[in-house]
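Notes follow once the structure below has been shown.
Residue numbers (this note's numbering): -18 to 415.
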């Protein structure tokens, strides 16, 4: 990661000093967020109670509808982007004019929990601890986003910013084709100066995300010569599809497993005389016999890298190893691009410095960067290449995301709202990286 340029560092320090000196605008923002907490908690409870698994289109739209009135009350023009062209419910986009920097605020409406699943209700599990589907990932983040905007409006500073809010309807299960599903987000990012994401990061309020690894997929199809197993390894018969598949996977492990911030996984493996594979349902079947050399093998999985260059190198290595066939075998490697990497930049580091300064001014302590290995892919990765700087992980904190133990630490609903509002105030004052 590059070091901050001296000018950027001075700007960040200036913002911190102003906040620590008891800036009246900063104090007013914090007080406004506190005053908004009953309303924020009510909205959180209401939206968590609505199942919005990605493929529950009506539920995704219903969650989006709950944000229309409060955003409209703030002066936003709200539209629903139809998801039919990419097979999903769609996205909510809200736009508000003003003066000053252009901010893109990013959230998502969908969760991983299907409409017929067992996890549907909120439950208090301890004082200040509430469990519920999507409460941290990321309905709580959406509420933090809205609360920060409401606090800015209440203190008369929202007009110092130009803002677009993008709440995706397919973050947990991206629609296809990818270009159509992500096109509106990319368009908003091209407009913006800064992108701020309200995911929950690694769930630790002492961290924020300034780098995310991308998440893409791969498929490996292998062929061999079927014959009686007693003849395997003969030069004219070869090694069969199963051994070729094993060779390739282990070759990838040997070549790439030690590279920092690069991971790849084989999630599904099949081998035998006959195969069937249903990629959309991520399942398959194989038939084979102990005394028959496998005719076919298949593996599919994912790959994550921190930078586009790292991903490109890894894919090239995987292609090379897949092409070095054992006798009597063949293989085809296919790579499918998904979430792009969000590499660390000096601009992202500057946003983190501003965010941390606001946190310290609130008495919440400094904020450090999340280890990229602990942060999954997210929508902000599609926006980051087009803005001056990006930061994510500013949402409601907790743990257990994507499981029936998803639990929020409710005190962070207010503290995260204050931090986000102070960051936006700093950007409105021109403290952001240029």
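A virtual CB, placed ideally from N, CA and C, is assigned to each residue, including glycine.
What you are looking at is a predicted structure, and each value in this text was computed from that prediction instead of being measured.
Going by DSSP, residue 408 is part of the alpha helix (DSSP H) stretching over 392 to 409.
Proximity of the region 216 to 227 to the region 304 to 318 meets the contact definition, three or more beta-carbon pairs being nearer than 8 Å. If you draw a straight line from the Cα of residue 179 to the Cα of residue 271, it comes to about 52 Å. Boundaries of the beta strand (DSSP E) around residue 111: 110 to 112.
Secondary structure in the region 316 to 398: the beta strand (DSSP E) runs of 3 residues or longer, each lying completely within the stretch, are 370 to 372, 388 to 390 in chain order. Around the beta carbon of residue 65, a 10 Å sphere encloses fewer than 16 other beta carbons of the protein chains shown; the residue is thus reported as exposed.
Spatial neighbours of residue 200 in its own chain (CB-CB distance under 6 Å, excluding positions within 5 residues in sequence) are listed in chain order as 281, 315. The region 332 to 349 and the region 360 to 376 touch, with three or more beta-carbon pairs separated by less than 8 Å. Comparing C-alpha distances from residue 176 to each of 225, 275, 362 shows the shortest one belongs to 362. Restricting attention to 250, 354, 328, the CA atom closest to the CA of residue 285 is found in 354.
Taking each of 98, 41, 87 in turn and checking the Cα distance to residue 385, the smallest one comes out for 98.
Cα atoms of residue 186 and residue 395: separation of roughly 12 Å, rounded to the nearest angstrom. Residue burial is scored here from C-beta neighbours: residue 352 has fewer than 16 other C-beta atoms within 10 angstroms and is therefore classed as exposed.
Runs of the alpha helix (DSSP H) lying entirely within the region 192 to 248, each at least 4 residues long, are 221 to 237 in chain order. With a 10 Å radius around the Cβ and a threshold of 16 neighbouring Cβ atoms, residue 89 comes out buried. Residue 86 sits in a strand when the DSSP states are folded into three classes.
At a Cβ-Cβ threshold of 8 Å, residue 364 and residue 183 do not count as neighbours. Going by C-alpha positions, residue 198 is about 13 Å away from residue 322. DSSP lists 71 as the beta-bridge partner residues of residue 63. Boundaries of the beta strand (DSSP E) around residue 143: 143 to 149.
Minimum Cα-Cα distance from residue 120 among the listed residues 146, 130, 92 corresponds to 92. Secondary-structure assignment with DSSP links residue 253 through a beta bridge to 277.
Under the three-pair Cβ rule at 8 Å, the region 206 to 214 does not count as touching the region 396 to 413.
Per DSSP, the unbroken alpha helix (DSSP H) holding residue 41 starts and ends at 38 to 46. When C-alpha distances from residue 402 are compared across 134, 60, 77, 344, the shortest belongs to 134. Between residue 39 and residue 46, the alpha-carbon positions lie close to 10 Å from each other. If you ignore the 5 residues before and after residue 303, its C-beta comes within less than 7 Å of the C-beta of 201, 229, 312, 314, all in its own chain and listed in chain order.
The shortest C-alpha to C-alpha distance from residue 367 to any of 26, 70, 84 is the one to 84. Counted as a single uninterrupted DSSP element, the stretch harbouring residue 157 is not any alpha helix (DSSP H), since DSSP gives it neither H nor E. Going by DSSP, residue 302 is part of the alpha helix (DSSP H) stretching over 289 to 303. Straight-line spacing of the CA atoms in residue 297 and residue 162 works out to 27 Å. Sorting 105, 287, 30 by C-alpha distance to the C-alpha of residue 95 places 30 at the top. Residue pairing of residue 284 in beta bridges, as defined by DSSP: 197, 245.
Of all alpha-carbon atoms in 108, 114, 206, the one lying nearest the alpha-carbon of residue 44 is that of 114.
Residue pairing of residue 122 in beta bridges, as defined by DSSP: absent, with no partner found. Here the alpha carbons of residue 350 and residue 327 stand approximately 12 Å from one another.
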